[in-house]
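K.L.:
Numbering-wise (the working numbering), the sequence shown opens with residue 2 and increments by one.
The beta-carbon is built from N, C-alpha and C at its ideal position, and this holds for glycine as well.
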Amino acid sequence: MRLRTFIAISLFLLLLLNIGTSVDYPRRPVQIIVPWSAGGATDVLFRAIASVFPKYANGQPLVVNNIPGGGAVPGTIEFLRAKPDGYTLLSFAAPILIKSHMDPVNFDVNSFEPVILIVNDPCYILVRKDAPWKDLKEYVEYAKQNPGKITIGNGGAGGGTHLAALAFESFTKIKLTHVPFEGGGPAVTALVGGHINSYMGAAPEGLNNVDAGQLRILGVFGDKRLDKYPDIPTAKEQGFNFKFGMWRGVAVQKGTPKEIVDRLHTIFLRCMRDPDFVKKAKELSLTLEYRGPSSFSKFIQDYNAYYENLIKTNKLGTKYKY
2 MRLRTFIAIS LFLLLLLNIG TSVDYPRRPV QIIVPWSAGG ATDVLFRAIA
52 SVFPKYANGQ PLVVNNIPGG GAVPGTIEFL RAKPDGYTLL SFAAPILIKS
102 HMDPVNFDVN SFEPVILIVN DPCYILVRKD APWKDLKEYV EYAKQNPGKI
152 TIGNGGAGGG THLAALAFES FTKIKLTHVP FEGGGPAVTA LVGGHINSYM
202 GAAPEGLNNV DAGQLRILGV FGDKRLDKYP DIPTAKEQGF NFKFGMWRGV
252 AVQKGTPKEI VDRLHTIFLR CMRDPDFVKK AKELSLTLEY RGPSSFSKFI
302 QDYNAYYENL IKTNKLGTKY KY
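1. Can you check whether the CB of L90 is closer than 8 angstroms to the CB of I50?
2. Which parts of the region 178-204 are runs of the alpha helix (DSSP H), unbroken and 4 residues or longer, counting only runs that do not cross its ends?
3. Can you find at least 3 beta carbon pairs, one from the region 140-152 and one from the region 171-178, that sit closer than 8 angstroms?
4. In terms of alpha-carbon separation, which member of I153, T162 and D122 lies closest to M103?
5. Which one of P96, N107 and A58 has the shortest CA to CA distance from R82?
6. Going by DSSP in three states, G157 sits in which element: helix, strand or coil?
7. What does A306 pair with, by DSSP beta-bridge criteria?
8. Around the C-beta of P36, are 16 or more other C-beta atoms found within 10 angstroms, so that it is buried, or is it exposed?
9. Given this structure, state the Cα-to-Cα distance separating F245 from C124, to the nearest angstrom.
10. Take I28 and list the residues in its own chain whose beta-carbon comes closer than 8 angstroms to its own, dropping the five residues that flank it on each side.
11. With DSSP as the reference, label V120 as helix, strand or coil.
12. Could you round the C-beta distance between I99 and Y308 to whole angstroms and report it? I think they count as a contact, below 8 angstroms.
13. Taking buried to mean at least 16 other C-beta atoms within 10 Å of its own C-beta, is N67 buried or exposed?
14. How would you label A213, buried or exposed, when you count the other beta carbons within 10 angstroms and need 16 or more for buried?
15. Quick check on the burial criterion: 16 or more other C-beta atoms within 10 angstroms. Buried or exposed for K281?
16. Could you pull the start and end residues of the beta strand (DSSP E) that N67 belongs to?
17. Using only alpha-carbon positions, find the residue among V279, F222 and S295 that is nearest to L289.
18. Measure the Cβ-Cβ separation of L285 and A204 and say whether it is below 8 angstroms.
19. Three or more C-beta pairs under 8 angstroms: does that hold for the region 245-257 against the region 107-122?
20. Give me, in chain order, the residues of the same chain whose beta-carbon lies closer than 7 angstroms to that of E206; leave out the 5 immediate sequence neighbours on both sides.
21. Grouping DSSP H, G and I as helix and E and B as strand, with all else coil, what is S23?
22. Suppose the cutoff is 7 angstroms on Cβ atoms and the five residues either side in sequence are ignored; what does the same chain contact list for Q239 look like?
23. Buried or exposed: which applies to S38, given that a residue is buried once 16 or more other Cβ atoms fall within 10 Å of its Cβ?
24. Tell me which same chain residues have a C-beta within less than 8 angstroms of the C-beta of T257, skipping the five on either side of it?
25. Have a look at P187 and G156 and give me their C-alpha separation to the nearest angstrom.
26. Nearest by alpha-carbon distance to S295: which of V262, P276, G159 and M273 is it?
27. Classify L12 as helix, strand or coil using the three-state DSSP reduction.
28. For the region 223-264, which segments carrying the beta strand (DSSP E) assignment without a break, of at least 3 residues, lie completely within its bounds, in sequence order?
29. Quick one: Cα of P276 to Cα of F47, how far?
30. What number of angstroms, rounded off, separates the C-alpha of F93 from the C-alpha of L311?
31. Comparing C-alpha positions only, which one of K299, N305 and A165 sits nearest to F243?
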């Protein structure tokens, strides 16, 4: 009898503990650092997530904190300095990992604790509606005949879209003039204003401007066409066997308690499955791709090796001696 009572009480206490763990976090607003300007692809994604976050986080908001500039380094460093308690998150995206191979910085692939992958979008080249190039073939041919004359913007020197443009430049053996901005939003604004000739972006950057008839997509660097724009061919369909994409997820600091990591994973997964978010993601042409902590970690390690090889092969950046 005593043994049964002891077991019953123990099970009850464990239940209370589990309930307490699930409801105690978060108990105040959660901040996510986006190390780029407002309006870029990563910023737009997490603002969409933030719109449904309180439903699954005890009513607490997800506050997007933009810290642009410096190739995402200042924002990333501020994140790494924060207490590992689950209240300061990082919008962990491809450009951060790429930057760790482009230049000497105080972080690498092992500085982060991956929580969840949310998006994996193909890149594309945008031009103004009145640009003389109708497709990638015309763009590349002009660039070959006029080395350096085409300007192409990116979301930050050493960032993901910068590397994508450099990789395409190397693949096609053309010479472009790269113009860095403090995020995708300012770069798209500059393109619409005619201050640059083109922009290497990823959804949803510039798509509202495409819908408004201000910009055009020359080609998509993915396995398939964008659902929203079925008439725009991939690079491969145009004779360029070139692929490049931008992935985006969430990371916390090393040392964050596992129960917090697990809780965050559950919250963001529920956000990904929320009908309002799914509808918004479709409107933004976001390519949703879910990976949990373990799978996301392997995904990141694989991409880390890919980026390192790509950067060394093309002798890019200042970190490595060529």
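P.N.:
Quick look at the numbers:
1. Within the sequence shown, numbered from 1, the residue matching residue 50 stands at position 49. Within the sequence shown, numbered from 1, the residue matching residue 90 stands at position 89. Contact: no.
2. 185-193
3. yes
4. The residue you call residue 103 lines up with position 102 of the sequence shown. Comparing Cα positions, the closest option is T162.
5. As a working note, residue 82 is residue 81 in the sequence shown. Closest by alpha carbon: N107.
6. Within the sequence shown, numbered from 1, the residue matching residue 157 stands at position 156. Here G157 sits in coil by DSSP.
7. Here the question's residue 306 lines up with position 305 in the sequence shown. Answer is none; A306 lacks a bridge partner.
8. Taking the sequence shown and counting its residues from 1, one reaches residue 36 at position 35. P36 is buried by the Cβ-count criterion.
9. Locating residue 245 in the sequence shown gives position 244, counting from the first residue. Locating residue 124 in the sequence shown gives position 123, counting from the first residue. Going by the C-alpha atoms only, they are around 6 angstroms apart.
10. The residue you call residue 28 lines up with position 27 of the sequence shown. The sequence shown places Arg at residue 28, rather than the Ile named in the question. Cβ neighbours of R28 beyond the five flanking positions: N59 and Q61.
11. Locating residue 120 in the sequence shown gives position 119, where the first residue counts as 1. Three-state result, V120: strand.
12. Position 98 of the sequence shown, counting from 1, holds the residue named residue 99. Position 307 of the sequence shown, counting from 1, holds the residue named residue 308. Yes, I99 and Y308 are in contact; Cβ-Cβ is about 5 angstroms, under 8 angstroms.
13. Counted from its first residue, the sequence shown places residue 67 at position 66. So N67 ends up on the buried side.
14. Counting from one through the sequence shown, the residue named residue 213 turns up at place 212. It is exposed - the Cβ of A213 has fewer than 16 other Cβ atoms within 10 Å.
15. As a position in the sequence shown, residue 281 is number 280, starting the count at 1. Buried.
16. Position 66 of the sequence shown holds residue 67. Per DSSP, N67 belongs to the beta strand (DSSP E) from L63 to N67.
17. In the sequence shown, the residue the question calls residue 289 occupies position 288. Here the closest residue by C-alpha is V279.
18. Position 284 of the sequence shown, counting from 1, holds the residue named residue 285. Position 203 of the sequence shown, counting from 1, holds the residue named residue 204. Going by C-beta atoms, L285 is nearer than 8 angstroms to A204.
19. yes
20. Residue 206 sits at position 205 when you count from the first residue of the sequence shown. Same-chain partners within the cutoff: G41, A42, G185 and V189.
21. Translated into positions along the sequence shown, residue 23 becomes position 22. No answer about S23 holds up, because its pLDDT of 45 lies below 50 and its placement is not dependable.
22. Along the sequence shown, one-based indexing puts residue 239 at 238. For Q239, where only same-chain residues beyond five positions count, the Cβ hits under 7 angstroms are D136, L137, K138 and G220.
23. Looking up residue 38 in the sequence shown gives position 37. Classification for S38: buried.
24. In the sequence shown, the residue the question calls residue 257 occupies position 256. Excluding positions up to five away in sequence, the list reads P85, D86, G87 and E114.
25. Counting from one through the sequence shown, the residue named residue 187 turns up at place 186. Counting from one through the sequence shown, the residue named residue 156 turns up at place 155. Cα-Cα distance, rounded: 8 angstroms.
26. The residue you call residue 295 lines up with position 294 of the sequence shown. Considering only alpha carbons, the answer is V262.
27. Here residue 12 corresponds to residue number 11 of the sequence shown, with the count starting at 1. A caution first: L12 carries a pLDDT of 42, below 50, which makes its placement in the model unreliable, though a value can still be read off. Of the three classes helix, strand and coil, the one that applies to L12 here is helix, per DSSP.
28. 246-254
29. Reading the sequence shown from its first residue, position 275 is the one you call residue 276. Reading the sequence shown from its first residue, position 46 is the one you call residue 47. Each residue's alpha carbon lies about 16 angstroms from the other.
30. As a working mapping, residue 93 is identified with position 92 in the sequence shown. As a working mapping, residue 311 is identified with position 310 in the sequence shown. When rounded, the distance between both Cα atoms is 20 angstroms.
31. One-based indexing of the sequence shown puts residue 243 at position 242. That would be A165, whose Cα lies nearest to the Cα of F243.
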